[in-house]
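Following: one structure in structure tokens, then a few remarks.
Residue numbers (my numbering), protein chains in the order written: chain A, 17 to 214; chain B, 5 to 104.
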């Protein structure tokens with residue numbers, strides 16, 4: 017049983033270390049990889065809570081969809097190029113204010129978490145194994161939470177349309193996003209043609 | 005079993021780290037990643053409390069939060085691309101036209 021606690025604390029510390037690394041890394045790609053590590057550790061915590069189903073959803077949605085979108089955006093925006101100030105932090109006054117706000121938030125939430133525990137009823141089982149099984153979740157999702165479920169599907173549809181509309185290039189304008197790659201995209205075909213002729 | 009204070013404390017610290025990151029970073033994509041950290045902290049808190057109280061609502065809300073996070077990722081990253089087209093940067097210090 018003590019090993020169970022130690023494994024939980026190990027992955028919990030992994031979550032926190034990954035979170036700190038996301039904030040601390042200058043390169044957005046390194047932050048993204050740290051974020052992947054954090055998501056995986058959170059998925060491990062879900063498994064330790066007795067809910068492998070939610071852990072798989074966590075990996076598929078967060079690590080599989082959201083993080084890939086982030087990495088693709090980093091690639092599309094060519095954020096590796098220096099001189100754009102992309103690794104910058106805010107300067108001292110704002111940094112100090114952020115530190116105070118973050119520390120205050122952490123202390124407040126920790127106090128609430130510890131003090132609020134006295135009000136909670138004694139745990140019946142403390143494991144999610146039966147509560148969060150796919151069958152139970154499906155029944156709740158299609159009975160009690162049917163309306164939010166349908167609203168969520170509409171929300172996803174609106175998000176798809178919104179993403180397409182936002183990224184659509186206006187007619188007749190040269191997009192700035194293509195500029196960094198302009199010579200790269202033109203050069204390789206010319207090189208191939210010359211190579212073929214030679 | 006696991007004490008309920010473990011997920012609550014980890015969630016509290018992770019949320020604070022995410023809030024600190026949003027406030028201290030200037031790169032919009034890294035700020036977005038910190039928002040994802042905060043969402044994960046809330047998910048972990050919901051899971052921990054749901055296991056403690058033996059209610060199904062926590063995992064259901066986790067699934068809804070994941071759906072909202074996916075929608076947010078699609079729209080948010082599209083906004084970053086639109087911003088980048090306009091100013092060729094996503095440093096949020098350059099987007100201050102609402103400043104009085």
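All residues carry an ideal CB built from backbone N, CA and C; glycine is no exception. Only a predicted model underlies this, so the values are computations on that prediction, with no experimental measurement involved.
What are the start and end residues of the alpha helix (DSSP H) that includes residue 40 (chain B)?
32-57 is the extent of the alpha helix (DSSP H) around residue 40 (chain B).
Expressed to the nearest angstrom, what Euclidean distance is found between the alpha-carbon atoms of residue 95 (chain B) and residue 56 (chain B)?
One C-alpha to the other measures close to 42 Å.
Compare the C-beta of residue 104 (chain B) against all C-beta atoms of chain A and say whether one is closer than 8 Å.
With 8 Å as the cut-off, residue 104 (chain B) does not count as an interface residue toward chain A.
Determine whether the Cβ of residue 18 (chain A) lies closer than 8 Å to any Cβ atom of chain E.
The structure shown contains no chain E; the protein chains it does contain are A and B.
Counting contacts by CB-CB distance shorter than 8 Å, is residue 100 (chain B) in contact with chain A?
No, residue 100 (chain B) does not count as interfacial toward chain A.
If distances are taken between C-alpha atoms only, which option among B:22, B:66, B:14, B:78 comes closest to residue 171 (chain A)?
The shortest C-alpha to C-alpha distance from residue 171 (chain A) to any of B:22, B:66, B:14, B:78 is the one to B:78.
Would you please verify whether the beta carbon of residue 197 (chain A) is less than 8 Å from any beta carbon of chain B?
Low confidence applies to residue 197 (chain A): its pLDDT is 46, below 50, so where it sits in the model is not reliable, and the reading given next is rough at best. Chain B, which has no Cβ nearer than 8 Å to the Cβ of residue 197 (chain A), makes this no.
If you drop the 5 nearest sequence neighbours on each side, which residues of the same chain put their C-beta closer than 7 Å to that of residue 47 (chain A)?
Result list for residue 47 (chain A): 38, 41, in chain order.
Report back the beta-carbon spacing between residue 125 (chain A) and residue 40 (chain B) to the nearest angstrom; my notes put them in contact at under 8 Å.
Contact doesn't hold; Cβ gap of about 18 Å is too wide.
Counting only Cβ pairs nearer than 9 Å, list the residues of chain B close to residue 159 (chain A).
Within 9 Å Cβ-Cβ: nothing; residue 159 (chain A) doesn't reach chain B, min ~11 Å.
8 Å Cβ cutoff, residue 39 (chain B) in contact with chain A
Not one chain A Cβ lies under 8 Å of residue 39 (chain B).
For residue 46 (chain B), which residues in chain A fall below 8 Å Cβ to Cβ?
None at all; the shortest Cβ gap to chain A is about 11 Å.
Take residue 76 (chain B) as the anchor and find which of A:168, A:185, A:184 has the nearest alpha-carbon.
Measuring from the Cα of residue 76 (chain B), the nearest candidate turns out to be A:168.
Within the 8 Å Cβ cut-off, does residue 170 (chain A) reach chain B?
Residue 170 (chain A) does not count as touching chain B.
Going by other Cβ atoms of all chains shown within 10 Å of its Cβ, with 16 needed for buried, is residue 88 (chain B) buried or exposed?
Residue 88 (chain B) is buried by the Cβ-count criterion.
Amino acids of chain B, ordered along the chain, whose beta-carbon sits closer than 9 Å to that of residue 153 (chain A):
Chain order gives the chain B residues near residue 153 (chain A) as 60, 63, 64, 67, where near means a beta carbon separation below 9 Å.
So is residue 47 (chain B) buried or exposed if we call it buried at 16+ other beta carbons inside 10 Å?
Under this definition residue 47 (chain B) is a buried residue.
Classify residue 89 (chain A) as buried or exposed, calling it buried when 16 or more other Cβ atoms lie within 10 Å of its own Cβ.
When all chains shown are included, residue 89 (chain A) counts as buried.
Could you tell me which uninterrupted alpha helix (DSSP H) segments, each at least 4 residues in length, are contained entirely in the segment 141-178 of chain A, listed from first to last along the chain?
With a minimum length of 4 residues, the continuous alpha helix (DSSP H) runs that stay inside the segment 141-178 of chain A are 150-158.
With a cut-off of 8 Å, does the C-beta of residue 61 (chain A) fall near any C-beta of chain B?
Interface criterion met: the Cβ of residue 61 (chain A) is under 8 Å from a Cβ in chain B.
Okay, do the segment 106-122 of chain A and the segment 23-36 of chain B touch, 3+ Cβ pairs below 8 Å being the bar?
At 8 Å Cβ cutoff, the stretches touch.
Below 8 Å between beta carbons: does that hold for residue 85 (chain A) and residue 27 (chain A)?
Not in contact: residue 85 (chain A) and residue 27 (chain A) (Cβ atoms no closer than 8 Å).
When you compare the CB positions of residue 112 (chain A) and residue 21 (chain B), do they come within less than 8 Å of one another, or not?
It is not a contact, given that the beta carbons lie outside the stated cut-off.
Check whether the Cβ of residue 79 (chain A) lies closer than 8 Å to any Cβ atom in chain B.
No, residue 79 (chain A) lies away from the interface with chain B (no Cβ there is under 8 Å from its Cβ).
Helix, strand or coil, according to DSSP, for residue 105 (chain A) in the structure here?
The answer is strand: DSSP assigns residue 105 (chain A) an E or B state.
My output table needs one value for residue 90 (chain B): the three-state DSSP class, helix, strand or coil.
If DSSP states are grouped into helix, strand and coil, residue 90 (chain B) belongs with the helices.
Could you confirm whether any beta carbon from chain B is found closer than 8 Å to the beta carbon of residue 144 (chain A)?
Yes, its Cβ sits closer than 8 Å to a Cβ of chain B.
Closer than 8 Å to chain B by CB, residue 105 (chain A)
Put simply, the CB of residue 105 (chain A) is near chain B, with a gap under 8 Å to one of its CB atoms.
Proximal chain B residues relative to residue 73 (chain A), where beta-carbon distance stays under 9 Å
What residue 73 (chain A) touches in chain B: 66, 67, 70.
Compare the beta carbon distance of residue 85 (chain B) and residue 54 (chain A) with 8 Å and say whether it is the shorter of the two.
Not in contact: residue 85 (chain B) and residue 54 (chain A) (Cβ atoms no closer than 8 Å).
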